[in-house]
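So the mapping is simple: this note's numbering equals the position in the sequence shown, first residue as 1, plus 1273. Read the structure below first, then the notes.
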Amino acid sequence: MNFGIFNEIPMHDRITPAQAFNDAFEVFYAAEELGIDTIWLGENHFTAEWSLCSSPLSIAAALATSTQRVRIGTAVSVLPIANPLHLLEQAGTVDQLSSGRLEFGVGRSGVALPYRTHKQPYTESRGRFLESLEIISRAWTEERFTFHGDYYHYDDVSVMPAPYQNPHPPISIAASSPESFALAGRLGHAVLMESRGRQTQVRDNLMTYRKARSEAGHVGPEKVFLRLGVYVAETEQKAVSDPEYSTMIYYKRFSALIADPLEGLNNEALEARAERSRIVAEMTYAQVLASEVVYGTPEMVFEKIAQLQDDLGISGLVLDVNCGGRMSSQQTIASMKLFCEHVIPKFR
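Have a look at this one:
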């Protein structure tokens, strides 16, 4: 199983931006040293109060030249609000600088603020995403290409630099709906997903993914990555108490993000989003521990992850090792060290 960590350059009012970047890179270099497989970088815009990762491919370029082994992924590049050619140029550069260590995760995001700021209706996001994904695929498999869609128009384009990996970096699609799982399956791409206590729904979506992948004739091992809050300590009490404040900040923030309505959604979708926000806002820490995260001793964490692997057939984890972004880099690294020394070897 592949084990990666998730990071979005956490920021809060007790540190400076410079400290936020320093802390994040301290965690990144520890991940390289400890044997973590992949560093996955989030993408957030206009969120200076909690995340500074507005340009994950810039962070990836810095990592490409300061690490030797660990793979570097985007989780995810938000295609509908980006220029696809600029993304291709940046991604190709990172793949060259890293000698082929880029994992290219893409998605639409469900956060309203970037779409509102760009004056882009969310109802266009799926069409823009699909067109951008086709442009990326063609640019990385054709020497020159022409494309005319509803949103993008390019004539006789050749994007450089080409990726180091042949034919291109692995592509992962962030999926939460049956439609997005089916799309990833048809295209033969990996899936990046979250569970959030809804394993029955996730299991059904994975069946959709695997069916679409099989019907499209894709062979070889599938890649299904699950993002999961994980914290490891020597005692259960410490594993539960250390991340409590930070974790609950995350769920309050998540509730607020999905309470912000996306322009253009129908009433049913808006009501479902508002209801989900209400449920998350009312969650207690005990409920979070029971269904949302995996916190505990190394043995407890191993058992829970092994059960998830059996239940869902996942091939990789994206560990949210600082859920909420309020734990220190020292706490985060100590947890990672226990995980790498006592949990990962049991899966290898």
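In this text, a Cβ means the ideal position worked out from N, Cα and C, and glycines have one as well. All of these numbers come straight from a predicted model, not from anything done at the bench.
Over what stretch of residues does the beta strand (DSSP E) that includes residue i continue unbroken?
i, result
"SER1405", "No beta strand (DSSP E) contains SER1405, which is instead part of the alpha helix (DSSP H) from 1398-1412."
"LEU1535", "LEU1535 -> no beta strand (DSSP E), and no H or E assigned at all."
"ASP1296", "Not the beta strand (DSSP E): ASP1296 falls in the alpha helix (DSSP H), residues 1290-1307."
"VAL1616", "Where VAL1616 is concerned, there is no enclosing beta strand (DSSP E), given that its DSSP letter is neither H nor E."
"GLU1467", "1463-1467"
"SER1324", "From DSSP, SER1324 is part of no beta strand (DSSP E); its letter is neither H nor E."
"THR1347", "1344-1347"
For residue i, which residues of its own chain have a beta-carbon under 7 Å away from its beta-carbon, when the five flanking residues on both sides are left out?
i, result
"ARG1342", "GLU1305"
"HIS1462", "ILE1444, SER1445, ILE1446"
"PRO1357", "SER1405, ILE1408, ILE1409, TYR1425"
Closer than 6 Å by C-beta to residue i: which residues in its own chain qualify, once you throw out the five before and the five after it? Chain order, please.
i, result
"TYR1219", "Given a span of 1274 to 1621 for the chain in the structure shown, any question on residue 1219 remains unanswerable."
"PRO1653", "What the structure shows of the chain is the stretch from 1274 to 1621, and residue 1653 is not part of that stretch, so it cannot be assessed."
Counting along the chain, where does the alpha helix (DSSP H) carrying residue i start and finish?
i, result
"MET1433", "Neither: MET1433 is in no alpha helix (DSSP H) and is coded neither H nor E."
"HIS1359", "1357-1370"
"ALA1334", "1329-1339"
"GLY1458", "1451-1460"
By how many angstroms is the C-alpha of residue j removed from the C-alpha of residue i?
i, j, result
"THR1366", "TYR1482", "31 Å"
"GLU1548", "GLU1415", "45 Å"
"ILE1446", "PHE1454", "8 Å"
"PHE1298", "ARG1399", "33 Å"
"GLU1517", "TYR1558", "7 Å"
"TRP1323", "SER1602", "15 Å"
"ASP1286", "PHE1319", "15 Å"
"ALA1333", "TRP1313", "9 Å"
"MET1433", "ALA1412", "9 Å"
"THR1520", "LEU1375", "29 Å"
"VAL1616", "GLN1604", "17 Å"
"ILE1587", "PHE1620", "12 Å"
"MET1609", "GLY1422", "45 Å"
"ARG1627", "VAL1379", "The shown model of the chain, from 1274 to 1621, leaves out residue 1627, and the question about it has no answer."
With a CB to CB cut of under 8 Å and the five nearest residues on each side skipped, what residues in its chain are close to residue i?
i, result
"VAL1553", "TYR1524, PHE1527, SER1528, ILE1531"
"HIS1391", "ILE1354"
Based on the DSSP secondary-structure assignment, which residues constitute the bridge partners of residue i?
i, result
"ALA1319", "The question names Ala, yet the displayed sequence has Phe at residue 1319. Paired residue(s): none; PHE1319 is not in a bridge."
"ASN1280", "LEU1314"
"GLY1589", "ASN1275, PHE1498"
"GLU1376", "GLY1346"
"TYR1568", "TYR1504"
"ILE1446", "VAL1379, VAL1464"
"PHE1418", "VAL1430"
Would you please verify whether the beta carbon of residue i is less than 8 Å from any beta carbon of chain D?
i, result
"ALA1435", "Absent here is chain D; the protein component of the structure consists of one chain."
(request) Count the C-beta pairs between the stretch 1591-1598 and the stretch 1536-1547 that are closer than 8 Å, then say yes if the count reaches three, no if not. (result) Counting Cβ pairs under 8 Å, fewer than three are found: no touch.
(request) Answer yes if the stretch 1399-1410 comes into contact with the stretch 1330-1341, meaning at least three C-beta pairs across the two stretches below 8 Å, and no otherwise. (result) Contact between the stretch 1330-1341 and the stretch 1399-1410 is absent, because fewer than three Cβ pairs lie under 8 Å.
(request) May I ask you to verify whether the stretch 1473-1480 touches the stretch 1432-1440, counting CB pairs closer than 8 Å and requiring at least 3? (result) No: fewer than three Cβ pairs fall under 8 Å.
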